[in-house]
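Engineer: Under mature numbering (1 follows the signal peptide of the UniProt record, and there is no 0), read the sequence shown as residues -22 to -1, 1 to 459, first letter to last. We put the beta carbon where it would ideally sit given N, CA and C, even for glycine. Structure incoming, see below.
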Amino acid sequence: MKALLLSLVLSVARFNAQTVQADPVNPHYYDFQGKPTLLITSAEHYGAVINADFDYLKYFDALQKYGLNYTRIYPGYLFEPMGKFVTGNTLGAKPSALILPWSRSNQPGYLLSGNKFDLDHWNPAYFARLKDFIAQAAKRGIVVEICFFNGQYSDTWPLSPLYHENNIQGAGRGGFRDAQTLKDPELVAREDAYIRKIVTEVNGFDNVILEVCDEPALFTPLEEAGPWVAHMLETTYKAEAGLPNKHLIGQEVQGPVNGPVDLSSKPANSVIVTQYVWHTSDDEMGGMKGLTFEYLRNKPIEQNETEYYPLYSGDAVAASRVEAWEFMVGGGAGFNQLNGLYTVEDPAGNTPDNARLLGSLRNLKLFLESFDFVKTAPDRGFIVSGIDPDTSYRGLSEYGKQYALYIHHGEGGRGSVYLVKPGRYKEDLVANLPAGNYNAEWIDPASYAILASTSFKHPGGLRTLTTPTYEIDIALRIKRQ
């Protein structure tokens, strides 16, 4: 009896636990379970729930092993043909492994095999899997971001249960570009119902962030996608109005700042979502651009997608590392490296490349958590000279107390991905620091080894800090003693 009562108490406590929120001291960061939190990960390609063949326990254990605490899923509106982008793409489930929110009807004719979907009835097996996925993540301290929609492709829309040939109601008669617009009221109503159902089912979990749509203007004009995104944001916000818990809601910025798909100023949009480095061919706002143009919104900014590893040029692990470190040391709240090394055959991604990649993200998290980061703000100005104009760098500081700096040599800072340029680099940096006793440490981001350290009594003003020789990137930690 005592054990049962304890279990009930813990269940109630979890249901009433504080959800992930913006930190009350510094709203650019998250607060989770009562403490400032950085969300850092390298996640599978969003198919862990809809692909019943994927063993998410092994996947979560791999993230936990490296201290990573974040994953992202697409819950069923969009999934992909098998093998799209990379072999083993988890979002491209075998037809026999596909598990979706809607129940099957008794009418044959679904494009991928089996019966059509009945949009008036939900699939209990799917929601059991979804909730177990979130619960298992919670046991490991992992936050789940649920992204309801992605802009449809010409080869994904015909697979969707919301496409008219795949459901017995005949809903969704427009083309793939129209699926992210308000043109079809019947389809919009089905999309609304999909949001409301998922929001209701996951409301009891504290480790959830909701996200409206990834790449809504991928093929849809901004002026048509924008009103649709605003509608779905409002649907999501209202869906929780009468429910016990309130979760953060994110939306990606696409197109110009303050344009139709920049909803960052809206109160319901509580997380600003960016993707890639600076800019993409479909005008998605990159992480570094978001830090530059959206930081004054005073909301968490996350970069929740990168190039799909291993589709990089040159040293893919290093390119992934420099992007993550620059964004987070620049003031980001969360980062997800999109990772194609997790597959049905190897859900833990047990490869040497992945060990290096996950290790560098673990090191990033350790580096930032070695600061009282919630008291910092983006600051590159404490370094007054010594960095070449072509070198990328970001920093954080709490004036006179703690300083973080990250430097890397990667090309492509105004594009979507970096190409690292290895060499033998050494810089004489000039820092402007107030008077005090300081300890400075140079750190290798790849290994987290301390390459050099020095303690000094500073009268105030300029101080030269010389880097050790390094190949691609280096980090600096300065703390007042």
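1. Give me the Cβ distance between R365 and E405, rounded to the nearest whole Å; I'm assuming they're in contact under 8 Å.
2. Kindly list the residues whose CB is nearer than 6 Å to the CB of residue 461, restricted to its own chain and excluding five residues on each side of it in sequence; keep chain order.
3. Which residues in the same chain have their Cβ closer than 6 Å to the Cβ of A116, if we skip the five residues on either side of it in sequence?
4. Should the segment 40 to 47 be regarded as contacting the segment 278 to 296, the criterion being three or more beta carbon pairs within less than 8 Å?
5. Can you tell which of R107, D1 and Y172 has the C-alpha that lies nearest to the C-alpha of Y55?
6. Using only alpha-carbon positions, find the residue among R174, H6 and L97 that is nearest to N145.
7. Classify D39 as helix, strand or coil using the three-state DSSP reduction.
8. Which parts of the segment 164 to 189 are runs of the alpha helix (DSSP H), unbroken and 4 residues or longer, counting only runs that do not cross its ends?
9. Could you tell me which residues DSSP pairs with L397 in its beta bridges?
10. Please tell me whether G401 and H387 are closer than 8 Å, where the distance is taken between their beta carbons.
11. Distance, Cα to Cα, G25 vs V121?
12. Quick check: the segment 12 to 25 against the segment 236 to 255, are there 3 or more CB pairs under 8 Å?
13. Roughly how many angstroms separate the alpha carbons of E301 and L454, rounded to a whole number?
14. Give a yes or no on whether the C-beta atoms belonging to L78 and P139 are separated by under 8 Å.
15. Is the beta carbon of G268 less than 8 Å from the beta carbon of H6?
16. Per DSSP, Q315 is paired with what?
17. Exposed or buried, what is H23 when buried is set at 16 or more other beta-carbons lying within 10 Å of its beta-carbon?
18. Suppose only complete runs of 3+ residues qualify. What are the beta strand (DSSP E) ranges in the segment 260 to 318, listed by chain order?
19. Judging by CA-CA distance, which residue of N415, T198 and S259 is the nearest neighbour of G439?
20. Got a sec? Which residues, its chain only, sit under 8 Å from V(-11) by beta carbon, not counting five neighbours each side?
21. Among all the DSSP beta bridges, which residues are the ones paired with D9?
22. Measure the CB-CB distance between V322 and F32 and report whether it falls below 8 Å.
23. Give every residue of the same chain whose Cβ lies closer than 6 Å to the Cβ of residue 470, excluding the five residues on either side of it in the sequence, and list them in chain order.
24. Near A409, what residues of its chain come up, given a Cβ to Cβ distance below 6 Å and the 5 sequence neighbours on each side ignored?
25. With DSSP as the reference, label A71 as helix, strand or coil.
26. According to DSSP, is E212 part of a helix, a strand, or is it coil?
27. Name the two residues that bound the continuous beta strand (DSSP E) containing E419.
28. By Cβ distance, which residues of its chain are closer than 6 Å to G204, with the 5 residues on each side in sequence left out?
29. Any chance the segment 86 to 97 sits against the segment 145 to 155, with 3 or more Cβ pairs inside 8 Å?
30. Out of P278, Y286, Y52 and P356, state which residue places its alpha-carbon closest to the alpha-carbon of V190.
31. What whole-angstrom Cβ distance do A103 and A75 have, given they're in contact under 8 Å?
32. Nearest by alpha-carbon distance to A208: which of E218, N223, I227 and P222 is it?
Structural biologist: So, to answer that:
1. Correcting the residue type first, residue 365 is Ile in the shown sequence and not Arg. That belief holds up - the Cβ atoms of I365 and E405 are roughly 6 Å apart, short of 8 Å.
2. Any answer about residue 461 is impossible in this case: the structure gives the chain only from -22 up to 459.
3. N185
4. no
5. Y172
6. L97
7. helix
8. none
9. E389
10. yes
11. 16 Å
12. no
13. 17 Å
14. yes
15. no
16. S20
17. buried
18. 279 to 281 and 312 to 316
19. N415
20. No answer about V(-11) holds up, because its pLDDT of 39 lies below 50 and its placement is not dependable.
21. Q(-2) and P14
22. yes
23. Residue 470 is absent from the structure shown; the chain starts at -22 and stops at 459.
24. F360, I361, R441 and L443
25. coil
26. helix
27. G414 to I421
28. P238 and V239
29. yes
30. Y52
31. The pair is not a contact, with the Cβ atoms about 12 Å apart (cut-off 8 Å).
32. I227
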